[in-house]
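2 protein chains.
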Amino acid sequence: MKTLTSGEIAEYCDVNLRTVIRWIESGKLKGFKLPGRGNNRVLVEDFIEFLERHDMPIPDALKSTANPSILIVDDEMPLAKSIQRVARRAGYESHIAIGGFQAGIMLSQYQPKIMTLDLSMPGMDGYSVIDFTRKQSRYKDLKIVVISALDHISLERALDLGADATLQKPFSNHDLTMVLEQYMSM
Amino acid sequence: MKTLTSGEIAEYCDVNLRTVIRWIESGKLKGFKLPGRGNNRVLVEDFIEFLERHDMPIPDALKSTANPSILIVDDEMPLAKSIQRVARRAGYESHIAIGGFQAGIMLSQYQPKIMTLDLSMPGMDGYSVIDFTRKQSRYKDLKIVVISALDHISLERALDLGADATLQKPFSNHDLTMVLEQYMSM
DNA sequence: ATTAAAAATGTCACAATTGTCACATTTAAT
DNA sequence: ATTAAATGTGACAATTGTGACATTTTTAAT
């Protein structure tokens with residue numbers, strides 16, 4: 033639960049400390065007060081939300097602290113491993129989730145930049161995963177890469193629900209690398 | 033009677049340890065001292081009361097105590113709703129997750145005190161959910177109540193994997209209430 | 001364009017709170 | 001029992017909040 037002081041925010045925004053305090057007092061910037069004399073603290077996420085709401089630039093120092101990772105959701109271990117190999121060769125850290133439950137837990141745990149999702153997992157509705165994720169504002173920046181052997185119509189539907197890209201099986205390592213690189217650099 | 037050290041509180045509040053000790057000394061935060069040199073300890077409930085009194089954010093890890101809730105994992109909406117009714121009558125807040133992915137996300141989001149889990153969900157391996165959850169230290173205090181129409185052997189296996197209680201379908205509202213009350217009061 | 005009023009931001013000094021540091025001591029872990 | 005990690009303390013440094021007022025920027029009307 034990282035927080036920022038009014039002074040730090042003042043510096044980030046290149047603005048006077050007095051002004052930051054006024055933003056907080058007027059409710060424009062959500063914050064809370066320490067019990068002492070009421071020194072202000074702001075959650076980083078609230079500050080970022082504030083910056084985005086006002087189209088203000090986000091300081092590099094606040095852009096996702098952890099090194100960005102990829103979450104591979106697939107119940108076929110060999111395929112998952114293969115995707116992981118490609119990711120590693122491209123220089124990215126990744127984690128494998130077998131099944132929906134693990135995927136949900138690991139998604140919130142690792143806050144990955146990209147989630148690759150196998151649509152044709154037995155007994156797991158990939159569409160609802162996409163749909164549910166997209167309705168959570170917390171994951172609005174997550175890139176969803178759908179992987180599937182299904183037909184064109186199915187991939188289209190995934191895109192409609194909010195997937196960012198699709199890869200039809202079988203796909204080349206090169207294609208996968210391209211997609212990963214594209215989104216990891218965003 | 034879980035307690036927190038001054039250091040843990042400092043971390044939760046993203047504040048210096050010195051400051052936490054001052055809060056305690058000035059009576060703003062209720063605590064007590066160990067016999068040794070007087071190292072400080074604070075009851076979780078006192079800490080939460082303190083946070084609420086000052087409109088400070090409550091760390092995820094403490095949500096299960098601050099706002100105890102029940103996560104109902106079931107893909108049969110009628111049954112899920114019925115469990116929710118029982119929970120509400122007993123005075124507990126609850127959320128329904130349809131499918132494993134939602135369950136995973138909502139588990140980390142709400143940090144519930146209890147998770148009811150339908151073992152016989154099509155295409156979702158309830159056992160692996162139990163197993164995976166139990167291996168995460170984060171959820172070591174989560175109570176897992178398995179609900180199923182399966183035979184005794186299956187329920188036994190769930191317990192072996194780490195479930196805390198089982199309810200065989202059909203179950204009475206009374207039995208469910210008993211189980212919920214037992215764990216919610218822990 | 002010009003101008004005046006309104007709103008937002010900056011300045012300054014002082015007091016209160018919070019952070020830092022080194023070191024002794026206690027807890028926790030092995 | 002031994003060792004590593006966490007905690008308490010005092011003195012002092014740095015940051016922060018506040019009120020009153022000066023400046024700047026925005027808005028609206030002419």
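Here the protein sequences line up with chains A and B, keeping their order.
Letter by letter, the first sequence follows residues 33 to 218 in this note's numbering.
Letter by letter, the second sequence follows residues 33 to 218 in this note's numbering.
Every residue, glycine too, gets a C-beta built ideally from N, C-alpha and C.
Remember, it's a predicted structure, so these values are computed and weren't measured experimentally.
Status (buried if at least 16 other CB within 10 Å, exposed otherwise) for residue i
i: Phe64(B); result: exposed
i: Lys201(A); result: exposed
i: Ile185(B); result: exposed
i: Ala181(B); result: exposed
i: Leu149(B); result: buried
i: Asp106(B); result: buried
i: Asn99(A); result: exposed
i: Lys113(A); result: exposed
i: Ala119(B); result: buried
i: Arg69(B); result: exposed
i: Leu66(B); result: exposed
i: Arg54(A); result: exposed
i: Ala93(A); result: exposed
i: Asn205(B); result: exposed
i: Arg170(A); result: exposed
i: Asn71(B); result: exposed
i: Pro144(A); result: buried
i: Gln168(A); result: exposed
i: Ile102(A); result: buried
i: Pro110(A); result: exposed
i: Pro91(B); result: buried
i: Met221(B); result: The question about residue 221(B) has no answer here: the residues shown for chain B are numbered 33 through 218.
i: Arg117(A); result: exposed
i: Met218(B); result: exposed
i: Met153(B); result: buried
Residue i - partner residues in DSSP beta bridges
i: Leu149(A); result: Val105(A), Val178(A)
i: Ala129(A); result: Val105(A)
May I ask you to list, following chain order, the residues of the region 129–141 of chain B that have a beta carbon less than 9 Å from some beta carbon of chain A? For the region 129–141 of chain B, residues whose beta-carbon sits nearer than 9 Å to a beta-carbon of chain A comprise Ala129, Ile130, Gly131, Gly132, Phe133, Gln134, Ala135, Gly136, Ile137, Met138, Leu139, Ser140, Gln141.
With a floor of 3 residues, list each beta strand (DSSP E) that falls wholly inside the region 85–110 of chain B, ordered by position along the chain. Counting only runs that start and end inside the region 85–110 of chain B, the beta strand (DSSP E) elements of at least 3 residues fall at 101–105.
Members of the region 43–70 of chain B that neighbour chain A once the beta carbon cut-off is set at 9 Å: Taking 9 Å as the upper bound on Cβ-Cβ separation, chain A lies near residues Glu43, Tyr44, Cys45, Asp46, Val47, Thr51, Arg54, Trp55, Ser58, Lys60, Leu61 of the region 43–70 of chain B.
Check distances from the C-beta atoms of the region 80–91 of chain B to those of chain A and list, in chain order, the residues that come in under 8 Å. Of all residues in the region 80–91 of chain B, Phe82, His86, Asp87, Met88, Pro89, Pro91 have a Cβ within less than 8 Å of some Cβ in chain A.
Restricting to runs no shorter than 4 residues, where is the alpha helix (DSSP H) found entirely within the region 176–208 of chain A? If we require 4 residues or more, the alpha helix (DSSP H) runs fully inside the region 176–208 of chain A come out as 184–193.
Could you tell me whether the region 75–82 of chain A touches the region 138–148 of chain A, using the rule of 3 or more Cβ pairs below 8 Å? The region 75–82 of chain A, when compared against the region 138–148 of chain A, does not touch it at the 8 Å Cβ threshold.
Between the region 186–208 of chain B and chain A, which residues of the former have CB atoms less than 8 Å from a CB of the latter, in chain order? Residues of the region 186–208 of chain B with a C-beta atom less than 8 Å from some C-beta of chain A do not occur.
Pair every Cβ in the region 40–55 of chain A with every Cβ in the region 34–42 of chain B, then say whether three or more of these pairs are closer than 8 Å. No: fewer than three Cβ pairs fall under 8 Å.
Is there contact between the region 121–131 of chain B and the region 165–177 of chain B, where contact requires at least three CB pairs shorter than 8 Å? In short, these stretches do not touch, since the Cβ pair count stays below three.
Whole beta strand (DSSP E) runs in the region 34–81 of chain B with 3 or more residues, listed along the chain? Runs found: 35–37, 72–75.
Three CB pairs or more closer than 8 Å across the region 154–172 of chain B and the region 115–129 of chain A: Cβ pair count under 8 Å is below three, so no.
Interface residues of the region 94–110 of chain A facing chain B [CB-CB below 8 Å]: Within the region 94–110 of chain A, no residue has a Cβ that lies closer than 8 Å to any Cβ of chain B.
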